[in-house]
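Here the structure comes first, spelled out in structure tokens, and everything after it is commentary.
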Amino acid sequence: MTEVEGYGLLVNIVVPMISAAGAAWVSFRVAKNQIDGDRLLFLSQLASDTQAERDRENIKNNNKLTNFSWLLNNIIKYASKQGDDYLKVAKDVEANKLGQHMLISRASSDIIRILAISQEEVFFALIAKAKDTTENRERIGKIYSKLDYVKGIIDDVKFQFEGYHITVHGIITDYRQHIENVRETLSDTMEKIRKGNTLLFQADPLWIFLNDTLGNYNQNMPKGAGIDWHHPNFLRPTQEYLAKNFLRDERVQKILLEGRRASILAGRIIHDAESIVSTLKSYSTALTEVLKELEKERDFIDALLATT
Numbered sequence: 423m424t425e426v427e428g429y430g431l432l433v434n435i436v437v438p439m440i441s442a443a444g445a446a447w448v449s450f451r452v453a454k455n456q457i458d459g460d461r462l463l464f465l466s467q468l469a470s471d472t473q474a475e476r477d478r479e480n481i482k483n484n485n486k487l488t489n490f491s492w493l494l495n496n497i498i499k500y501a502s503k504q505g506d507d508y509l510k511v512a513k514d515v516e517a518n519k520l521g522q523h524m525l526i527s528r529a530s531s532d533i534i535r536i537l538a539i540s541q542e543e544v545f546f547a548l549i550a551k552a553k554d555t556t557e558n559r560e561r562i563g564k565i566y567s568k569l570d571y572v573k574g575i576i577d578d579v580k581f582q583f584e585g586y587h588i589t590v591h592g593i594i595t596d597y598r599q600h601i602e603n604v605r606e607t608l609s610d611t612m613e614k615i616r617k618g619n620t621l622l623f624q625a626d627p628l629w630i631f632l633n634d635t636l637g638n639y640n641q642n643m644p645k646g647a648g649i650d651w652h653h654p655n656f657l658r659p660t661q662e663y664l665a666k667n668f669l670r671d672e673r674v675q676k677i678l679l680e681g682r683r684a685s686i687l688a689g690r691i692i693h694d695a696e697s698i699v700s701t702l703k704s705y706s707t708a709l710t711e712v713l714k715e716l717e718k719e720r721d722f723i724d725a726l727l728a729t730t
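Residue numbers (this note's numbering): 423 to 730.
See the structure below:
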């Protein structure tokens, strides 16, 4: 090959091939850089989307636990006040077992609302925020069990006290009738004594006692007086005096009979009063204990929300 031919080969074939190869390499690098850039952009966007999803889930979990803790705190305050009411009413009943008492059932829908929340949702929200331990896995179930217990206490006390109130009201109605019978019998007995001895009836010891008893009763009985006044101030003193001084006197047997019937009713009221006092005190203690446990769980959730 001549020098001229070699030069032509270099110019016409080799140089273009080298130029083409270089251009292809440049195109490859440009394409690769573009692909790498797109890949990095995709990965960056994917990471950003993943983080955004995590942030959204974290907000949802925070909201669920915040609402749960808020309801839990409301229940603790509500049930604590209700427990205080139990002790107050128990003290009032102890001081006046023959009286009629009322128990205020505090209104709150928070227990119903929190029990309506899915345990599963609260459980997964808690696990997402806290360590996945056996204790934390059991925590929500135990909280719901304690809430069921609180609701059970409040419902049972309400049911038992309503039963006590209805029973006492019925007994008092019967008692009043017996008291009225005693008063009428006292008056009838005085009238029989008067008719039996119109000249000297005022000297009869029984007539004197009955007259004084009815006079004091009419003078001292408060307006609207209930069994808690009648029993200690009228019936019991009358019964005790007649039983001590005129037990075998035929003239007072009907009085004593009506009085005994009324006294039996009073005894039933006292027994029911002592029973409801025991119920109120025991349930107040149980409520206090379970609320202490719920306070610890509330504090755990609040601390978790404050640190994550």
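Idealized CB from N, CA, C, for every residue including glycine.
Bear in mind that the values here come from a model prediction, so they are computed numbers and not experimental data.
- Taking 7 Å as the cut-off, the beta carbon of G505 is found no closer than this to the beta carbon of T729.
- A residue is called buried when at least 16 other Cβ atoms come within 10 angstroms of its Cβ; Y663 does not meet this threshold and is exposed.
- Annotation for E516: V699 place their beta carbon closer than 6 Å to its own, counting only its chain and skipping 5 residues before and after.
- Its Cα nearest to that of Y508, the residue M524 stands out among K519, M524, N518.
- The shortest CA-to-CA distance from F722 to any of R528, N495, G592 is the one to N495.
- Within its own chain, the residues whose Cβ lies closer than 7 Å to the Cβ of I498, once the five positions on either side in sequence are excluded, are L713, L716, E717, R720, listed in chain order.
- Take the alpha-carbon of V579 and the one of T707: they are about 13 Å apart.
- With respect to the 7 Å criterion, L702 and A512 are classified as neighbours on the basis of their beta carbons.
- Non-local C-beta neighbours of Q582 in its own chain, meaning closer than 6 Å and more than five positions away in sequence, comprise T701, ordered along the chain.
- The stretch 594 to 634 is shown to contain no whole beta strand (DSSP E) run of 3 or more residues.
- Pairing T611 with R658, the inter-Cα distance amounts to about 18 Å.
- Membership of V544 in the alpha helix (DSSP H) is indicated by the continuous run 541 to 551.
- The residues L636, Y639, in chain order, have a CB closer than 8 Å to that of R605 in the same chain once the five nearest residues on each side in sequence are set aside.
- If you draw a 10 Å sphere on the C-beta of L632, you find 16 or more other C-beta atoms in it, and that means buried.
- In this structure, Y705 lies near I575, with their beta-carbon atoms less than 7 Å apart.
- Fewer than three pairs of CB atoms, one per stretch, sit closer than 8 Å, so the stretch 536 to 545 makes no contact with the stretch 670 to 682.
- In terms of CA proximity to I691, N518 leads the group W492, L493, N518.
- In its chain, beyond the 5 residues on either side, F623, D626, W629 have a beta carbon closer than 6 Å to the beta carbon of I615.
- Rounded to whole angstroms, the gap between the alpha carbons of R561 and N480 is 20 Å.
- Beyond the five residues adjoining it in sequence on each side, I649 comes within less than 6 Å, by CB distance, of L520, I594, Y597 in the same chain, given in chain order.
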